[in-house]
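Quick note on numbering: the UniProt record's numbering labels position 83 of the sequence shown as 83, and the sequence is numbered without any gaps. In what follows, a structure is listed as structure tokens, so that the remarks can point back to it.
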Amino acid sequence: MSESNSHPADTDQTPKLVGETVFDADGEPLGVVRSLTDHGFVVSTSPDATGGPQSTSGEFGEAYLMWRCLECGEMGEIEQMPDRCPNCDAEKESLYYWTED
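Given below as structure tokens:
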């Protein structure tokens, strides 16, 4: 008997972008991709999760939506999310959404 080395990330239906909505086999939304990993992706199931990043006004009690690098902690504006971390050159899989006061 042989084991398959197939991972969910190997299928054509795997989300490729942070902020993309993930659906089950029946087409029901499961959550939103928060970050990509070597083994697939991390999904937020929060009721506040949306299909993409949204800016906030920066008023009292609201946060700024940014990206952050898992490797070095570098942060930047979500509208300018890079393909690699400009500080440590980590791949996009190391970048994820972050809220900052």
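We treat Cβ as the ideally placed atom computed from N, Cα and C, and that holds for glycine.
Practice prompt. With Thr21 as the anchor, note down where its beta strand (DSSP E) starts and where it stops.
Written response: For Thr21, the uninterrupted beta strand (DSSP E) run begins and ends at Thr21 to Phe23, by DSSP.
Practice prompt. Would you identify the three-state DSSP class for Glu71, choosing helix, strand or coil?
Written response: In the three-state scheme derived from DSSP, where H, G and I count as helix and E and B as strand, Glu71 is classed as coil.
Fill in: Distance between Asp26 and Cys85 (C-alpha atoms, nearest Å)
Going by the C-alpha atoms only, they are around 36 angstroms apart.
Worksheet item: So what does DSSP say about Glu91, is it helix, strand or coil?
Response: Here Glu91 sits in strand by DSSP.
Fill in: DSSP bridge partner residues for Ser44 (one or two, in chain order)
Note: Ser44 sits in a beta bridge opposite Val32.
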